[in-house]
Amino acid sequence: MVETVFSVMIKGIILTYTVLLFPLIQKFLETQVSQYHNKQKQQEERINEINIKYLSPLRLYLKESYIRLYKISQKIQEVDSHLSLISLNRALDLKNQSPSWVINEGYYLISSCYIVGCLFACIKRIRDNIAFIKIGKNKDAVLLQYMDQINLAFAHSKGGGVSFIIQLSIAQDIWLKEEQRLMTYREFCEMLLNDKIQEWWYSLIDFFIEAGKKNEIKIKRLQLAINAIENLANFLDKNIGQGDSIDIVKKFVVEDMITRDDKDGET
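Numbering (full-length UniProt numbering), first residue to last: 1 to 267.
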C-alpha cells in the first residue's frame, strides 16, 4: 500500500514536471531550429554575395570575350586580312599614337585587348580568392582547371604568345585595387598610351595583330580560347545559373542580332 502511494506520488511529480517543462523544452527546440535556419540563410546570403562579387564580372567578360573573339574568327575566315585588327603593323608602333587614333583607327584592336585584359583580371581575382567562392561540392578544382584552359590558350609560346606571367601583369594593370574595380575603357586607353606601361601589353596586342594577318598559329590559339571560354561559361551556367547561357549568346552572334558600337570589325 505504501509503495503504491509512493508510486502514485512519483508519477504525479513526473507528470507535473513534464507538463511544466514540455513547453520550455519545446520553446528551446524551436529557438534552436530557428537559429539554425537563420544561420543557414545568412551563410547562403554571404556565399551568394561573394559569388556575385567575383563570378558576375567573370561571367560578363566571358560573354564579352566570346562575342569579340567569335566575331574575329568568323571575319578572318571571310577576308584576306582583318583590317580593323591590323591598324598597327606591330605592337611597337603604338608608341607616339594619339588618343584620336585609339578612338578611331585603333579602336577595334585596342578594345579587343581591353576586353580580354578584363577577362584576365576577373580570372586572377577568382584565383586569389578561391577559398571564399562556393559553387558546389568539390567544384573549386574544376573551376580552376577551366580558367587554366583560357590562360593556356593565350600563353602558347610557339610563334609568340601571352605568357602566364604577362597575363598576371595585365590583370594587375587593369584592376584598380584601391577602388576595387576594373578600369573604364577611357582609363585603359590613357594608361596604354603611356610608353613605360604599354610594353607590358605588346604580346597581347601582337596576338590580335597576327590573328588579323591570318597567322595560322594565332588562329588556332584564337579558336582554343573561344572553346575554353565556352567551356567555363557552360560550367558556371550549370552550377550557378542566373544569366544568359553561352548558347544563347552564340545564337545571337551567329544570327547577327547583337548590335554594338564596336564598329563590328567589318573592315
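By construction, the Cβ of each residue, glycine as well, lies at the ideal position given by its N, Cα and C atoms.
Neighbour-count burial assignment, residue i, 16 or more Cβ in a 10 Å radius
i, result
"N194", "exposed"
"M9", "exposed"
"E210", "buried"
"residue 271", "No information on residue 271 is available, as it lies outside the stretch 1 to 267 that the chain covers here."
"F22", "exposed"
"V33", "exposed"
"D206", "buried"
"A141", "exposed"
"K71", "buried"
"S65", "buried"
"L143", "buried"
"Y114", "buried"
"G212", "buried"
"I229", "buried"
"I25", "exposed"
"L94", "buried"
"L236", "buried"
"residue 272", "Given that the chain is displayed from residue 1 to residue 267, the structure contains no residue 272 and the question cannot be resolved."
"I13", "exposed"
"D261", "For D261, the predicted model reports a pLDDT of 45, less than 50, meaning its position is unreliable and no value from the coordinates is stated."
"I248", "exposed"
For residue i, the nearest candidate out of the options (CA to CA)
i, options, result
"G117", "D247, C189, I219", "C189"
"I246", "R59, Q145, I174", "R59"
"residue 290", "K250, L109, T4", "No answer is possible for residue 290: the residues shown for the chain start at 1 and end at 267."
"D148", "I67, F252, N227, H82", "N227"
"F132", "Q145, W101, E49, L29", "E49"
"L152", "S7, V142, S111, A225", "A225"
"K214", "I13, S98, I76", "I76"
"L222", "S7, S73, R181", "S73"
"N51", "L24, L29, G136", "G136"
"I219", "G12, L85, Y146, E187", "L85"
"L182", "L94, Q26, S56", "S56"
"E216", "Y36, H156, I13, T16", "H156"
"P99", "K177, T4, I165, E187", "E187"
Same chain, Cβ closer than 6 Å to residue i, five either side skipped, listed in chain order
i, result
"residue 339", "A query on residue 339 cannot be resolved here, the shown segment of the chain reaching from 1 to 267 and no further."
"G106", "S87"
"D80", "none"
"S112", "R68, F208"
"A233", "L62, I246"
"M1", "With a pLDDT of 49 at M1, under the threshold of 50, the predicted position of this residue should be treated as unreliable, though the coordinate-derived value follows. Once the five neighbours on either side are set aside, M1 has no close Cβ partner at all."
"A91", "Y202, I205, D206"
"F164", "N151, A155"
Residues that residue i bridges to, as DSSP identifies them
i, result
"E176", "Reading the sequence as shown, one finds Leu at residue 176 and not Glu. DSSP output for L176 lists R181 as bridge partner(s)."
Own chain partners of residue i with C-beta closer than 7 Å, once the 5 adjacent residues on each side are dropped
i, result
"K139", "N239"
"L168", "K124"
"Y54", "R125, I126, N129, I133"
"N231", "Y146, Q149"
"L20", "none"
Close-in-space but distant-in-sequence residues of the same chain around residue i (CB under 8 Å, 5 per side omitted)
i, result
"I170", "G117, F120, A121, V162, W200, W201, L204"
"T18", "none"
"V102", "I110, C189, L192, L193"
Residue-level contact to chain B via CB, residue i, 8 Å cutoff
i, result
"I226", "Structure shown: chain B not included; a single protein chain is present."
### Query
What are the uninterrupted segments assigned as alpha helix (DSSP H) that are 4 or more residues long and contained completely in the segment 134-170, given in chain order?
Listed in chain order, the complete alpha helix (DSSP H) runs (minimum 4 residues) inside the segment 134-170 are 140-155.
### Message
Just to confirm the assignment: which complete alpha helix (DSSP H) runs, minimum length 4, are found wholly within the segment 4-89?
### Response
For the segment 4-89, not a single whole alpha helix (DSSP H) run of length 4 or above is found.
### Query
Of all the alpha helix (DSSP H) runs that stay within the bounds of the segment 197-238, which reach a length of 4 or more residues?
Secondary structure within the segment 197-238: the alpha helix (DSSP H) runs of 4 or more consecutive residues, fully enclosed, are 202-212 (chain order).
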